[in-house]
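Residue numbers (the numbering used here): 2 to 478. Read the structure below first, then the notes.
Below, the structure written as structure tokens:
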């Protein structure tokens, strides 16, 4: 008689003589004690050690990963240590993204002062492009081979890229040493770290990701202040080297703390799943994330230069990114907790709508009002936090856990191209509005571009929610 796995009716241990009553044959891969427990309480089988519960070795080898994948710890010291490990990994990996505005402003005024800002912006657009495009291959490799083959080389590469940045003087050196090397290796740290968190959490996944993603905000507080403050005291090269040493400490901690829970899915291979784009749920989510990244990156890149050109004190201009990132700490945790209660898509729709209003109503009308600019930085920092913390969770919500790496990589390959054009296009809009002047002051077109991108993202999230979870306003999804 065929003995079937309890889950999805798969054959576990072939045809054998069943010693358990025929009416129980479907579950005969369980030993008698486990079977009795299951008959009393079917859900309790999830808490049984499958290696002891399975009737024979073949059943153990084939059923254990299935039960393991269905039963998420959703807490406990081991799971939260993984979140801490992801946090340590994301301080350097995503903290650099939140420092782009300060780095671009510094290079435009010093090492690359002979280049227009639209050209300097390509250094950081390419960094972000390679950062997200790396997920195309990094995600599937994580699914197939696990965490450490990616994490360790990625950590080394991030530190090396910062050391190269500290000694670069020519445009091509910034592109090769920082944009290419730094972006790719940061992707090797960022993508597996968040994927590892998803191995341990299901119902509290948004909260766990929110805590992990506060690391980018911490990096966005520390690194801009470090670059702005230390550059005046010890020089820009040593400020960047110190930043590299700090990143090395966090990277070392992440390699000790991060662990995966599920075995590698070698059958899936190490390539992206382009067929996933045939799934309308993923296609609409990907479109939403592309647009939200464009809307998010423009303020992150141009807010400092906007403040500088509108007569805001120089030291306060550099502190704007620290203010924005400090607010985003709460904007990644609080909405994450709310998302687990009220639905991930529901919350991100509300936050993208709010960011659209903030950009088009507050930033667009700020002018030279320093208080309004600081207020925008704080409010936008809070409400934009979900662009980082909840967007990957929305991908996970419509994906099987063992396929998350592939689908994440496929989604963020599209995001990479959006990120590649976002900053240069914004720069060209700025240049077209201001002409060949030394100091641009008209940012209205750039701001409207960011607001429209955020508004489009909200519409795509609404469509994706309706397709995936239904159109009822009361639906928690």
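By construction, the Cβ of each residue, glycine as well, lies at the ideal position given by its N, Cα and C atoms. Quick caveat: nothing in here was measured; it's all calculated off a predicted structure.
- Note on residue 138: 16 or more other CB atoms within 10 angstroms of its CB, so buried under the neighbour-count rule.
- For residue 200, the enclosing alpha helix (DSSP H) has its first and last residue at 182-201.
- Here residue 333 is not near residue 296, since their CB atoms are 7 Å or more apart.
- Only buried fits residue 224, as 16 or more other CB atoms lie within 10 angstroms of its CB.
- Taking C-beta separations shorter than 8 Å and ignoring five residues to either side along the sequence, the partners of residue 198 in its chain run 83, 84, 87, 206, 209, 210, 213, following chain order.
- DSSP places residue 387 inside the alpha helix (DSSP H), whose first and last residues are 387-390.
- Nearest to residue 365 by alpha-carbon distance, out of 400, 311, 284, is 311.
- Between residue 388 and residue 293, the beta carbon gap of about 5 Å places them in contact (Cβ cut-off 8 Å).
- For the pair residue 276 and residue 288, the Cα-to-Cα distance works out to about 16 Å.
- Straight across, the Cα-Cα distance linking residue 425 with residue 326 is about 23 Å.
- In the three-state DSSP reduction, residue 150 falls in the helix class (H, G or I).
- In this structure, residue 286 lies near residue 465, with their beta-carbon atoms less than 7 Å apart.
- Taking 7 Å as the cut-off, the Cβ atoms of residue 162 and residue 90 do not count as close.
- Judged by DSSP in its simplified three-state form, residue 475 adopts coil rather than helix or strand.
- Counting along the chain, the unbroken alpha helix (DSSP H) around residue 214 starts and ends at 206-234.
- Exclusion of the five residues before and after residue 130 leaves 417, 420, 421 as the residues of its chain whose Cβ lies within less than 6 Å of its Cβ.
- Minimum Cα-Cα distance from residue 400 among the listed residues 99, 173, 200, 146 corresponds to 200.
- Around residue 338, the same chain offers 208 as residues with beta carbons nearer than 6 Å, after the five sequence neighbours per side are excluded.
- Residue 105: member of the alpha helix (DSSP H) spanning 101-110, first to last residue.
- In this model, residue 313 and residue 111 are separated by some 20 Å (Cα to Cα).
- Two segments are said to touch when three or more pairs of C-beta atoms, one from each, lie closer than 8 Å; by this definition the stretch 352-370 does not touch the stretch 233-252.
- DSSP, reduced to helix, strand and coil, places residue 303 within a helical segment of the structure shown.
- Rounded to the nearest angstrom, the Cβ distance from residue 423 to residue 447 is 11 Å, too far for a contact under 8 Å.
- Just so you know, the alpha carbons of residue 160 and residue 341 end up roughly 35 Å apart.
- Here DSSP, grouped into helix, strand and coil, assigns residue 119 to helix.
- Excluding five sequence positions before and after residue 152, the CB atoms of its chain that fall closer than 8 Å to its own CB belong to 90, 189, 190, 193, 194, 255, 256, 259, given in chain order.
- Three or more pairs of CB atoms, one per stretch, sit closer than 8 Å, so the stretch 170-190 contacts the stretch 132-147.
- Relative to the Cα of residue 222, the nearest Cα in the group 246, 157, 328, 120 belongs to 328.
- The beta-carbon separation of residue 96 and residue 217, rounded to 6 Å, stays under the 8 Å limit for a contact.
- 165 is the residue among 358, 165, 74, 154 whose C-alpha sits nearest the C-alpha of residue 243.
- Looking only at 459, 174, 148, the smallest Cα-Cα distance to residue 355 is reached by 459.
- Counting only the Cα atoms, residue 474 lies some 44 Å from residue 181.
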